[in-house]
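> Protein chains in written order, with this note's numbering: chain U, 83 to 497; chain L, -2 to 160. No residue lacks a Cβ here, since even glycine has one placed at the ideal position from N, Cα and C. Values in this document were obtained by computation on a predicted structure and should not be read as measured data. Encoded as structure tokens, here's the structure I'll be asking about.
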Amino acid sequence: MSVQDVRFDGAVNWPSNALSEVPFRVYTDPAQYALEQERIFKGETWSYLCLASEIPNPGDWVATTIGEVAVIVARGEDGAINAFVNRCAHRGNLLCLTNKGHGREITCIYHGWSYDLAGQLTGVAFEKGVKRQGGMAPEFHKEDHHLQRLRVEALCGLVFGTFNDAVADLQTYLGPVVVGGVKRVLDGRPAHIIGRSTQILPNNWKLYAENVRDTYHASILHSFLTTFRINRLSMPGSINISEDGGHHFSQAKLDYAAEDADYKAANLRSDTDMKLQDNSVVESVDEFGDQVSVQILTMFPNLVLQQVRNTLAVRVIRPRGVDKTELDWVHLGFDADDESMQERRLRQGNLIGAAGYIAMEDGCVGGFVQRALQYNDDDSGIVMMGGHEAQSQTFRASEAAIRGFWKKYRAVTGA
Amino acid sequence: MTIGNAMIDLEVKLGIGELYAAYADCIDDDRLEEWPDFFVDDCRYLITDRQSHEAGYKHGVIYCASKGMLIDRVTSMRRVLMFEAHRYRHLVGPPRILRAEGGIAETNANFFVARIMHSGETTLFATGRYLDRIAIGAEPYRFIERLVVLDSPKIDTLIAIPL
């Protein structure tokens, strides 16, 4: 039986086929949440797992999750990256109890079953019994029992996995537009982690998935840059959406030279007490040579790749119940960064994350929505800014990428 | 008192204790405009977590490398950023002085911070350890560096008020 055949009684009814109408119950309904675990996270999607550089050597492994399912990603003896469910084939015990490790095999603490780093069962404690008594039944064969394997693919050092055999290869899944957006940032230079943290969001995971696709709210909710009068509001930008709607990147350009002049003017200005004491939090360089100062890229269902000025980060969206989400922030730098670029990334790091000047509000606004919907979710929200479709646009006062999310969501969940 | 081979002046110990207590009171009493004055001009204030600290990651959830950046934090919090009103209650353990020489003391202390939302909901928001370098050459003592090393990498919702 495929997951599409599993019935989920009580899951949300959609009011129409329009992408611009979203029933509020989709954020609050436990049956819908269960359906998502099956049809989205275990369905025809690729989920982000980790950076290839987190497991550089054979024997390295990290423990992560796809949806709520615990997964191990390991580099095998042959150098290939394997992923399998973090669950012993014997009695279902969690195998890896830490976030990362290294070894030739993984052994279950419960009954000592061991597996190689391709997920193959290699050892069963007392398989032949003790003193010729006991032992596994004669029809038991180790080769019949291995860890539940995932398909694995990588793109620009980002590793993805899927439970699904039918989903297309990763680059076809993402489409050429979004693959191009990834390659613009992760352009082949070796990168490394400069920091990480986890932000607990008091809301359904989709409210955050929408938030990062929502170019409409950015200059309204996040008023840091405009308040300090150091950015120009007429920055050209664009929203670029994959054909299936699920993946996108938005860009905003910046006239770096004009902004530099703005800092100086702001420091001279006498008509306002609102000026930064230390501009280094925003002083940026055009590191990719295309004047794009912000690129927010999403991949359905769980990944955000961000360039905000000179900050680079991967954000991983992890559902943890119908009204709780963990957002993992992995901050990146390039190995070739000189000292001033390293310091620049750290100082601009104040813009993003759980205490970020232009990201902090995203940590609480989803919770406000969630609270407003609790036991009062019979209505629908509307996402009509910029029309009803989910196509790329050359302006950012639009909710097109949110509609794209729902286009993909409804296709994958069969709604 | 004796630390290793060195004698630590009781006056220094009391001065550091007073700095720690005054710092926590300043935040908990919502006198944040005074918070940057607990630091020297050329200071560093960073919020990280134990795993990141041990991994040598330099990024901080908050990373301030000057007193000006601290002032900007307060201005932004007061006048720009949107979040629900809340306060903290710090419980800071007695500071340990690891070294005190050349006008600089290296100290640390454990802390618990409760978060009290405007609604009254109170939760244990953060636990961790301050790792500090303090200028003790002149009164009042000031932080040269304050690393806030959280025990957990998980942060509930957001950090607007400094720890």
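Quick check on the DSSP output: the beta strand (DSSP E) that includes residue 335(U) runs from which residue to which?
Segment 330 to 335, the beta strand (DSSP E) holding residue 335(U).
> Please name the residue in 158(L), 132(L), 145(L) whose C-alpha comes closest to that of residue 39(L).
The shortest CA-to-CA distance from residue 39(L) to any of 158(L), 132(L), 145(L) is the one to 132(L).
> Beta strand (DSSP E) containing residue 67(L): first to last residue?
From DSSP, residue 67(L) is part of no beta strand (DSSP E) but of the alpha helix (DSSP H) over 64 to 76.
> Going by beta carbon distance, what residues of the same chain come within less than 6 Å of residue 476(U), once the five residues before and after it are set aside?
320
> Does DSSP classify residue 432(U) as helix, strand or coil?
helix
> So if I threshold CB-CB distances at 7 Å, which residues from the stretch 213 to 241 of chain U count as touching chain L?
none
> Determine the direct distance from the alpha carbon of residue 441(U) to that of residue 154(U), and round the result to whole angstroms.
Approximately 30 Å, taken between the alpha carbons.
> If contacts are defined as beta-carbon pairs under 8 Å, then residue 66(L) and residue 360(U) qualify, I think. What distance do you get, rounded to the angstrom?
5 Å
> Flag this pair as touching only if the stretch 87 to 99 of chain L and the stretch 18 to 32 of chain L have three or more C-beta atom pairs under 8 Å; answer yes or no.
The stretch 87 to 99 of chain L, when compared against the stretch 18 to 32 of chain L, does touch it at the 8 Å Cβ threshold.
> Would you say residue 416(U) reaches chain L, if we count a Cβ-Cβ gap shorter than 7 Å as a contact?
Put simply, the CB of residue 416(U) is far from chain L, with every gap to its CB atoms at 7 Å or more.
> At the level of alpha carbons, what is the spacing between residue 126(L) and residue 108(L)?
6 Å
> Relative to the C-alpha of residue 396(U), which candidate in 413(U), 382(U), 407(U), 383(U) has its C-alpha closest?
Taking only the C-alpha atoms, the option nearest residue 396(U) is 413(U).
> Compile a chain-ordered list of the residues in the stretch 65 to 97 of chain L whose CB is closer than 9 Å to at least one CB of chain U.
65, 66, 67, 68, 69, 70, 72, 73, 76, 77, 78, 79, 80, 81
> Can you find a C-beta in chain U that's less than 7 Å from the C-beta of residue 129(L)?
no
> How is residue 25(L) classed by DSSP in three states: helix, strand or coil?
helix
> Quick check: residue 44(L) and residue 145(L), are their CB atoms within less than 7 Å of each other?
yes
> Can you list, in chain order, the residues of its chain whose CB lies under 8 Å from that of residue 324(U), leaving out five sequence neighbours each side?
256, 257, 259, 260, 330, 486
> Chain L beta carbons: is any one of them nearer than 7 Å to that of residue 378(U)?
no
> Grouping DSSP H, G and I as helix and E and B as strand, with all else coil, what is residue 177(U)?
For residue 177(U), the secondary structure class from DSSP, reduced to helix, strand or coil, is coil.
> Taking Cβ-Cβ distances shorter than 8 Å, what residues in chain L pair up with residue 429(U)?
60, 62, 66
> Nearest to residue 253(U) by alpha carbon, out of 129(U), 210(U), 144(U), 94(U)?
If you compare the alpha carbons of 129(U), 210(U), 144(U), 94(U) with that of residue 253(U), the shortest gap goes to 129(U).
> Indicate the three-state DSSP secondary structure (helix, strand or coil) for residue 392(U) in the structure shown.
Assignment of residue 392(U) by DSSP, reduced to helix, strand and coil, places it in the coil class.
> Consult DSSP for residue 126(L) and reduce its assignment to one of helix, strand or coil.
Looking at residue 126(L) - three-state DSSP - the assignment turns out to be strand.
> What would DSSP say about residue 229(U), mapped onto helix, strand or coil?
coil
> Anyone know if the C-beta pair for residue 459(U) and residue 293(U) falls short of 7 Å?
no
> Comparing the CB of residue 225(U) with every heavy atom of the ligand HEM, is any distance shorter than 6 Å?
The ligand HEM is not part of the structure shown, which contains no ligands of any sort.
> Sorted by chain position, which residues of the same chain lie with C-beta nearer than 7 Å to residue 186(U)'s C-beta, five sequence neighbours on each side aside?
141
> Quick check on residue 444(U): does DSSP put it in helix, strand or coil?
helix
> If distances are taken between C-alpha atoms only, which option among 428(U), 453(U), 455(U) comes closest to residue 277(U)?
428(U)
> So what does residue 85(L) bridge to, in DSSP terms?
112(L)
> Assign residue 84(U) to buried or exposed, taking buried as 16 or more other Cβ atoms, counted over all protein chains shown, within 10 Å of its Cβ.
Because residue 84(U) sits at a pLDDT of 48, beneath the cut-off of 50, its placement in the model cannot be relied upon, and the following sentence gives the value as read from the coordinates. Label assigned to residue 84(U): exposed.
> Below 7 Å between beta carbons: does that hold for residue 241(U) and residue 163(U)?
yes
> Following the continuous alpha helix (DSSP H) through residue 49(L), name the residue where it begins and the one where it ends.
Residues 47 to 52.
> Could you have a look at residue 467(U) and say whether DSSP puts it in helix, strand or coil?
coil
> Which whole-angstrom value describes the C-beta separation of residue 152(L) and residue 282(U), a residue pair presumed to lie in contact below a C-beta threshold of 8 Å?
Confirmed, about 7 Å.
> List the whole-angstrom C-beta distance separating residue 224(U) from residue 199(U), where the pair is believed to meet the contact cut-off of C-beta under 8 Å.
That belief does not hold up - the Cβ atoms of residue 224(U) and residue 199(U) are roughly 16 Å apart, past 8 Å.
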